[in-house]
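Following the numbering used here, the numbering of the sequence shown begins with 9 at its first residue and continues without gaps.
The structure under discussion appears below in the form of structure tokens.
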Amino acid sequence: MQASENTNDDFLFIDDSDEDEILHDGNGETWKVLIVDDDPEIHSVTQLALSDLIVLGKHLEYIHAYSGRDACQLIEDHDDIVLVLLDVVMETDDAGLNVVKHIRETLSRQDIRIVLRTGQPGYAPEESVIKDYDINDYKTKTELTRRKLVTTVYAAIRSYQQIHSVNQNRIGLEKILAAAAELLELHSIHEYAEGVLTQLKQLSESHGSVFCARGQGIIEGTDDLSLHILGQLGHSDELIEQKLSCIGRTVIQDRITSSFTQKKNDYGDDYAVLYLTSGGYRAVIYLDLAQVLTDIEIQLIEVFLTNVSIGYENVHLFQKLRNAAYRDWLTELPNRLEFVNLLDKFSDREESDLVAALIDLNHFSDINDGLGQDLGNKLLLAVTERLKELGGNCQFARVGADVFGVIGPADCVNPERLISLFHRSFTAGEHRLPVTASFGLCSKSSAGSQGVQILNQINIALNLAKKSNHENFVYYKQEMEDETLWRLGMIRQLRTDFADDRLELWYQPQLSLVTSKVIGAEALLRWRTAEGKFISPAVFIPLAEYSGLIVEIGDWVINQACKQIKVLEQQNFDHVGISVNVSIPQFKRENFVDSIIQATINHDVKPSKLELEITENILMDEPQVVIDALVKLKAEGISIALDDFGTGYSSMSYLQKLPLDRLKVDRAFITDIAEPGQSLIADTIINLGKQMNLKVIAEGIEEEAQEAHLIAQGCDEVQGFFYAKPMPADEFLQFLRDNQ
Ligand code: C2E
Ligand code: MG
Ligand code: MG
């Protein structure tokens with residue numbers, strides 16, 4: 009009987025009852041079952057026995073293998089096999105057990121369920137095999153009635169599904185932990201938003217998503233409470249930083265707004281709205297779904313949100329820190345530090361026509377001092393607004409108190425556009441203030457590779473623009489930097505050479521045109537370097553002025569000159585005076601007047617023997633300070649000459665206030681004086697001097713014809729190579745003796 013049962017496959021149809029409870033409607037999806045048996049009949053019988061079976065809503069689909077080897081291959085090819093009905097004895101006695109080992113050990117597939125079947129009880133595997141390899145069931149083929157088979161398959165598949173969903177949950181949780189850790193690393197709100205959306209896409213298989221929050225504090229210039237899009241997937245990058253309404257679909261907007269105001273999630277058939285909150289920071293995520301979320305997916309998503317919400321708070325705190333470090337508090341523009349960062353990126357950007365510029369407001373401190381800081385701040389805000397008119401995605405920064413930075417395409421950031429911004433006056437409080445500015449520009453093609461360097465380059469251009477009398481803008485060029493380096497080197501050398509006593513004071517005689525006698529000399533600096541080279545004062549005096557070194561040098565010059573006056577006196581040339589050139593920075597020194605008076609006292613010389621030569625430009629900065637100082641010096645008896653007269657830009661009304669003794673006609677007006685029609689300016693100055701009751705001395709006389717013209721015009725005195733070149737002190741004394 010036993011034998012007949014073994015050979016008679018009818019047993020598979022015994023006992024067909026009770027199966028309805030496990031039959032449901034299928035939905036097209038299937039469970040893949042691999043039948044492994046070297047007996048083809050077992051395949052058909054098994055399939056027949058399980059026909060129409062639906063387990064947990066899905067039909068079965070069969071794959072067939074007739075040997076252990078085939079089975080291994082098929083399992084590798086189909087990673088969605090859930091159950092293997094496996095014959096133990098096939099090409100070898102342990103062929104089935106080798107398949108088990110292959111599944112569990114080689115492929116590490118712990119989830120696939122295995123039911124072992126054998127024809128003979130004697131071939132039953134060891135109990136340890138069943139435990140170690142997680143065999144679901146072990147049946148002799150005699151036990152495989154339809155009812156038992158169905159129950160076994162049902163139990164195995166259900167167990168597969170539980171293992172599978174536990175596995176999925178584990179994978180989901182691992183992802184969440186990894187995502188939360190990764191999101192904590194993100195410091196920018198946009199990166200964070202897109203990071204969250206990317207993770208959610210994996211958890212929910214959404215095909216489009218947006219991340220929304222209030223833009224205030226995140227997006228520049230948003231001060232209202234409306235929702236903005238901070239991140240997106242599957243839409244367009246153009247939505248970023250835009251108001252929610254840009255999304256264009258009112259249903260979605262309404263769902264997002266309602267979730268935000270009601271502070272809760274909203275799950276629909278083809279969408280989910282997720283509410284995120286931490287530390288008072290709130291956001292809403294909208295997902296477009298292909299299908300309704302399962303309970304497990306919802307649970308995972310909610311665990312995910314709880315985990316990553318702390319990251320949302322973090323990015324906000326980070327943003328606040330960043331704002332404090334990189335934003336200007338008044339205008340909310342990037343500050344100097346951030347401008348350097350922007351310039352770093354500027355050099356890496358692909359657009360070739362970019363320009364970076366600095367805009368320096370002229371005389372801002374006067375407005376600040378005169379009208380108050382409050383108004384000054386308002387003006388800066390008005391300028392900030394005006395700058396934005398440049399458009400073209402320009403980036404702006406406030407780099408210094410009254411200095412703004414801008415980076416943008418050349419057709420927006422150019423002198424014409426920048427200057428035109430200042431054509432209209434600015435409204436600050438009740439005032440309409442006209443403001444002018446100076447501009448330093450640097451095109452990407454001439455810019456360095458690092459932000460700090462580029463800022464320095466634009467600064468060089470700006471400084472030149474500020475000094476320029478012609479244009480209020482300058483583009484940076486490489487030569488400028490070379491010149492700056494050269495200048496710094498020269499200043500360093502001048503400083504050491506001055507300390508090493510390498511400066512000399514030479515004297516150029518001045519003569520009376522009436523008596524032809526020497527009446528004085530102009531003291532002129534000479535710099536003889538260690539190599540014995542002379543460097544012209546026309547070169548080094550501006551450097552000494554620029555570096556402030558002129559104050560010390562000027563002091564030395566005054567004392568040298570006084571010493572020389574004393575020597576002249578002792579040698580009986582007490583009618584000969586000395587003129588000394590004085591520069592603007594010397595006047596800014598607090599005790600300038602006293603230091604000069606003190607020098608005349610120290611050297612015991614008559615103040616009237618000392619003359620100070622000033623130029624008109626001295627009046628440009630702070631005319632009243634200069635006038636007051638000169639009035640005091642004049643009161644002490646010191647004489648004042650106006651040098652290079654006619655070449656500067658001073659106003660006649662100021663000139664009138666100067667306590668002058670002499671006018672010096674610049675060499676430029678003397679050079680062609682003997683040519684017909686070329687003497688007008690010189691003649692006018694001589695005439696003006698007479699009208700103002702001043703002596704007039706002409707400089708740069710090189711020819712007799714020039715002298716003749718000056719005599720004819722009634723000019724009082726002369727100085728020039730025609731009479732004598734500047735010479736060292738001892739030569740000057742000799743010159744005086746020879747010309748007595
Ligand atoms: P400056 O005060 O106008 O001095 C006159 C300049 O004209 C001197 O040049 C002098 O050598 C030159 N000169 C005089 N006669 C003739 C002539 O017939 N033909 C030509 N071609 N040149 C003539 P220098 O010595 O090179 O000085 C240049 C400038 O440097 C001076 O112009 C003055 O502005 C400045 N400087 C010189 N010494 C001092 C100083 O001690 N202090 C300050 N602050 N500036 C000084
Ligand atoms: Mg002079
Ligand atoms: Mg001169």
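In this text, a Cβ means the ideal position worked out from N, Cα and C, and glycines have one as well.
Bounds of the alpha helix (DSSP H) holding Tyr320 are 303-334.
One thing to note: Leu618 has its Cβ within 8 Å of the Cβ of Ala569.
Per DSSP, the continuous alpha helix (DSSP H) segment holding Gly378 begins and ends at 372-379.
Excluding its 5 nearest sequence neighbours in each direction, Asp352 has C-beta neighbours in its own chain below 6 Å: Gly459, listed in chain order.
In the three-state reduction of the DSSP assignment, Ala546 falls in the helix class, which pools H, G and I. Residue nearest to Gly645 within the set Ile264, Thr679, Ile609 is Ile609 (criterion: CA-CA distance). Shortest Cα-Cα distance from Val218 to any of Leu247, Arg675, Ser234, Ser196 involves Leu247. Inter-segment contact for the stretch 116-123 and the stretch 133-144 is present: three or more beta-carbon pairs are separated by less than 8 Å.
Between Val559 and Arg597, the C-beta gap is smaller than 8 Å, which places the two residues in contact.
For Gln207, the enclosing alpha helix (DSSP H) has its first and last residue at 197-212. For the pair Leu297 and Arg290, the CB atoms are not nearer than the 8 Å cut-off. Out of Lys733, Asp738, Gln307, the CA that lies nearest to the CA of Leu519 is found in Lys733. Of all residues, those with a beta-carbon under 5 Å from at least one heavy atom of ligand 2 are Asn589, Glu621, Asp651, reported in chain order. In this structure, Glu710 has its beta carbon at no less than 7 Å from each heavy atom of ligand 3. Not one heavy atom of ligand 3 lies closer than 7 Å to the C-beta of Asp669. In this structure, the CA atom of His717 is about 34 Å from the CA atom of Val565. Residues Gly562, Leu620, Glu621, Ile622 of the same chain have their beta carbon placed closer than 7 Å to that of Val590, with the five preceding and five following residues left out of the count. Counting C-beta pairs closer than 8 Å gives fewer than three between the stretch 731-746 and the stretch 541-555, which falls short of the contact rule.
Closest by C-alpha distance to Arg432, out of His439, Val443, Arg330, Val588, is Val443. Proximity to Phe595 across Asp651, Gly400, Glu553 peaks at Glu553, based on C-alpha coordinates. The closest heavy atom of ligand 1 lies 7 Å or more from the beta carbon of Gly528.
With at least 16 other beta carbons inside 10 angstroms of its own, His324 counts as buried. Remark: the shortest separation between the CB of Phe729 and any heavy atom of ligand 1 falls under 7 Å.
For Cys220, the pairing in a beta bridge is given by DSSP as Ile237, Val292. For Val559, the shortest separation between its Cβ and any heavy atom of ligand 1 does not lie below 7 Å. Just so you know, the alpha carbons of Ser355 and Ile197 end up roughly 25 Å apart. Asp612 counts as exposed, since fewer than 16 other beta carbons sit within 10 angstroms of its beta carbon. Inclusion of Lys672 and Ile705 in the CB contact set at 8 Å is warranted, their separation being smaller than that value. The C-alpha of Trp514 lies about 10 Å from the C-alpha of Trp535. Taken atom to atom, the span from the alpha-carbon of Ser476 to that of Val204 is near 54 Å.
Glu69 carries a strand assignment under DSSP once its states are collapsed to helix, strand and coil. At least one heavy atom of ligand 1 falls within 7 Å of the beta-carbon of Gln516. Non-local beta-carbon contacts of Leu638 in its own chain, meaning distances under 7 Å to residues more than five positions away in sequence, involve Ile648, Leu666, Pro667 in chain order. For Ile622, there is no enclosing alpha helix (DSSP H); the residue is found in the beta strand (DSSP E) stretching over 618-623.
Close CB contacts of Ile89 within its chain, under the 8 Å cut and outside five residues either way in sequence, are with Lys40, Val41, Leu42, Ile71, Leu82, Ile83, Ile120 (chain order). For Glu630, the shortest separation between its Cβ and any heavy atom of ligand 3 does not lie below 7 Å.
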